[in-house]
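Student: The structure under discussion is supplied below as structure tokens; questions concerning it will follow.
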Amino acid sequence: MARILTITLNPALDLTVRLRQLELGAVNRSEAVLTQAAGKGLNVAQVLADLGHRLTVSGFLGEDNQPPFTAMFQRRGVAAA
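Printed below as a string of structure tokens:
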């Protein structure tokens with residue numbers, strides 16, 4: 001498979017909140033909260049890695065929110081540059 005470089009200029013952390021049921025006009029408590037590394041270039045990189053391509057990702061990333069991104073890179077076998 002091809003070696004591909006993706007560049008993400010604006011990485012993001014996607015926050016997903018799971019509710020048992022959404023009740024309009026009421027306070028809704030979450031069952032679970034999931035934070036995932038994302039951003040257009042990273043989303044593309046994850047799909048391409050799943051399809052068997054060798055990936056290198058690059059871009060700008062703040063020091064304080066590095067752990068979710070490095071965990072995703074390791075889990076998907078993606079190299080960071």
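Position 65, counted from 1, in the sequence shown is what full-length UniProt numbering calls 65; the numbers after and before it change by one each time, with no gaps.
Just so it is clear, CB atoms sit at the ideal spot from N, CA and C, and this is done for glycine as well.
Only a predicted model underlies this, so the values are computations on that prediction, with no experimental measurement involved.
Counting only the same chain and skipping the five closest in sequence on each side, list residues whose C-beta sits under 6 Å from that of Ala81.
Tutor: Thr56 and Ser58
Student: Pop quiz: Ala37 and Met72 are said to be a contact at Cβ under 8 Å. What is the actual Cβ separation, rounded to whole angstroms?
Tutor: 4 Å
Student: Identify every residue that forms a DSSP beta bridge with Gly59.
Tutor: Gly59 pairs with Thr8.
Student: Going by DSSP, what residue range makes up the alpha helix (DSSP H) through Ala45?
Tutor: Lys40 to Asp50
Student: Alpha carbon to alpha carbon, how far is Arg76 from Val47? Give it in angstroms, no decimals.
Tutor: 10 Å
Student: With DSSP as the reference, label Gln36 as helix, strand or coil.
Tutor: The answer is strand: DSSP assigns Gln36 an E or B state.
Student: Using only alpha-carbon positions, find the residue among Ala2, Asn10, Met1 and Glu31 that is nearest to Arg18.
Tutor: Glu31
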